Every structure is written in C-alpha cells, then in structure tokens.
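Q: Under my numbering, the first residue of the sequence shown carries the number 1, and numbering increases by one thereafter.
Got a structure for you, written out below as structure tokens; questions coming shortly.
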Amino acid sequence: MLDQTDVKILTLLKENSRLQWREIGELVHLTGQAVANRIKKMEKEGIIEKYTINLNNTKLDKSLIAYITVFMKTSNHPAFIQFVKNNKFIIECHRISGDGCYLLKVNVTDEENLMCLLNKILDFGNYRLNISISRIK
1 MLDQTDVKIL
11 TLLKENSRLQ
21 WREIGELVHL
31 TGQAVANRIK
41 KMEKEGIIEK
51 YTINLNNTKL
61 DKSLIAYITV
71 FMKTSNHPAF
81 IQFVKNNKFI
91 IECHRISGDG
101 CYLLKVNVTD
111 EENLMCLLNK
121 ILDFGNYRLN
131 ISISRIK
C-alpha cells in the first residue's frame, strides 16, 4: 500500500527519473537512504517497472504520429503480436475492448512509411487510421 510520501516520490520520478535520492529526500523530507529503500521496495513490488525517456521525435525526423485501430480478420493473434514487436514504427500496442481488437500508436518519418505499415497490417485485418495533428499534453 502506498502512502503520501510514496506517491510524491513517484510523481517526482515521473517528472525526472534522473533525480538523485538525496534530491528527492530533500523534497519529501526524508534521507536519501530512506528514499532509496522506498524506491527499491516499489521496484521489487512491481510498482516501478522501468525508467525511460521522452524523445523529441521531430528532431529525430520522426514527425508523423498516427493511431491505428486494427480489426482482426484472423484468429492468429500471436503472429500479429510478433509483427507488432518487430516493427520499429509501432511505439505502443494495446489490446482493446469495444470498437476494434488492437489500438496502435505509430511514429513514422513520412507518408510512404505509413502506407507501407498499413499495407502490412492488411495481412491481419482491416484498420481505421487517425493522424495526430498536434500534441496537447
């Protein structure tokens, strides 16, 4: 069970996962070692799964974000999942309920790469495409 201090630590780590334990401790009124113990406990319990970064995709020449709802025509979901895991343009994949089977978030450099990806998805089923115009948050 998380207490308020744990929640504050998680919030700080979400904002900047490079903060040192001592710095976090100063902000939550604990020693660096006490913060380390709490973080290690949350890692062990699976609350913290990994530390990651946010990339500026425009500077990496990956500027087209799209959301693709996939409607499977086959029951070969393992093959589709393997395809997703091996595709560098698919940055998120969610199994969904409701309209469609999967929701993909893709990040491509141009329309040509998007079309190539969409053609490959057709091997598994149909799709609905939504292109991001701007990121709000």
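All residues carry an ideal CB built from backbone N, CA and C; glycine is no exception.
The structure displayed is predicted, hence computed values, not measured ones.
Mind checking which residues open and close the beta strand (DSSP E) that includes residue 104?
A: Locating residue 104 in the sequence shown gives position 104, counting from the first residue. Looking at the DSSP string, the run of the beta strand (DSSP E) that includes residue 104 is 102-108.
Q: Using 9 Å as the threshold, is the C-beta distance between residue 108 and residue 122 below it?
A: For this step, residue 108 is matched to residue 108 along the sequence shown. For this step, residue 122 is matched to residue 122 along the sequence shown. Not closer than 9 Å, so no.
Q: Just reading off the beta strand (DSSP E) that residue 77 is part of, what are its end residues?
A: Taking the first residue of the sequence shown as 1, we reach residue 77 at position 77. From DSSP, residue 77 is part of no beta strand (DSSP E) but of the alpha helix (DSSP H) over 77-86.
Q: Here's the rule I'm using: 16 or more other beta-carbon atoms within 10 Å means buried, otherwise exposed. How should residue 51 be labelled?
A: Against the sequence shown, residue 51 aligns to sequence position 51. It is exposed - the Cβ of residue 51 has fewer than 16 other Cβ atoms within 10 Å.
Q: Taking 9 Å as the threshold (C-beta atoms), are residue 130 and residue 68 in contact?
A: Counting from one through the sequence shown, the residue named residue 68 turns up at place 68. Counting from one through the sequence shown, the residue named residue 130 turns up at place 130. In this structure, residue 130 lies closer than 9 Å to residue 68 by Cβ.
Q: Whole angstroms are fine: how far does the CA of residue 48 sit from the CA of residue 63?
A: Taking the first residue of the sequence shown as position 1, residue 63 is located at position 63. Taking the first residue of the sequence shown as position 1, residue 48 is located at position 48. Between residue 63 and residue 48, the C-alpha separation is close to 29 Å.
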